[in-house]
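Before any comments, here is the structure.
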């Protein structure tokens, strides 16, 4: 039984490695675009006006104080909102990735997600200080983003591969086959994205409540 399990794990590992190697160029492009967005998010905070900085500081401090005071978080409502948000994101990436003219929009979505992450990290560190800010970002962002970021990268790359396939071979049979593959892949990624929502709400939130006294 152990040998069978090892063979299955080895097969899955080989499939993942082969997939990444075959799509290395696309993943490199997406990673660069994401990092550009992240850097712009950091720069934006560093150049924000005092009024905006005050609003961000007030929001983060209020949130941290609510954690320290053990104010109950509506996890069911938060989970619902996160699940819907991830569903809309996956649906949007699937849709624009299924159209020939949608690839620039895919790039824009990836850049925006990078911007949001950079904005959040920079805001937390600017408000709470380096040590507490890093602790806050790790506990609040790390768990779900271990799944979330690779998922949105995968959705983007799937759309790019679909676009290249359609441009290369415009036969209806080929287009239908590639769109079907793209759709099946996106459904799988959606399931993983929704799992990341549970990690965010029940994992990261609990970690934040535990670490709140150190912030």
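Numbering (my numbering), first residue to last: 924 to 1138.
Virtual Cβ for every residue (Gly too), placed ideally from N, Cα, C.
Do residue i and residue j have their C-beta atoms within less than 8 Å of each other?
| i | j | result |
| --- | --- | --- |
| residue 961 | residue 1052 | no |
| residue 1109 | residue 1062 | no |
| residue 950 | residue 1076 | yes |
| residue 1066 | residue 1126 | yes |
| residue 1045 | residue 983 | no |
The alpha helix (DSSP H) with residue i in it runs from where to where?
| i | result |
| --- | --- |
| residue 1126 | Note, residue 1126: premise wrong, no alpha helix (DSSP H); not H, not E. |
| residue 1013 | 998–1020 |
| residue 966 | 947–969 |
| residue 884 | Outside the displayed span of the chain (924 to 1138) sits residue 884, for which this structure offers no information. |
Keeping to the same chain, check which residues put their C-beta closer than 7 Å to that of residue i; ignore five residues upstream and five downstream.
| i | result |
| --- | --- |
| residue 1101 | 1085, 1088 and 1089 |
| residue 1118 | 1070 |
| residue 1128 | 996 and 998 |
Since residue i and residue j should fall inside the 8 Å C-beta cutoff, what is the C-beta to C-beta distance between them, to a whole number of angstroms?
| i | j | result |
| --- | --- | --- |
| residue 1120 | residue 1002 | 6 Å |
| residue 1078 | residue 1013 | 6 Å |
| residue 1049 | residue 968 | 6 Å |
| residue 1074 | residue 1115 | 5 Å |
Which residues in the same chain as residue i place their Cβ atom closer than 8 Å to its Cβ, once the five residues preceding and following it in sequence are excluded?
| i | result |
| --- | --- |
| residue 992 | none |
| residue 959 | 1034 and 1037 |
| residue 990 | 1131, 1132, 1135 and 1138 |
Using C-beta distances below 6 Å, list every residue in its chain close to residue i, excluding the 5 sequence neighbours before and after it, in chain order.
| i | result |
| --- | --- |
| residue 1136 | none |
| residue 1029 | 1019, 1020, 1079 and 1082 |
Does the ligand SAH have even one heavy atom less than 7 Å from the beta-carbon of residue i?
| i | result |
| --- | --- |
| residue 1028 | For the structure depicted, the ligand SAH is absent and the ligand set is empty, with no information on it obtainable. |
Task: Whole beta strand (DSSP E) elements within the stretch 1030–1082, 3-residue minimum - done: none
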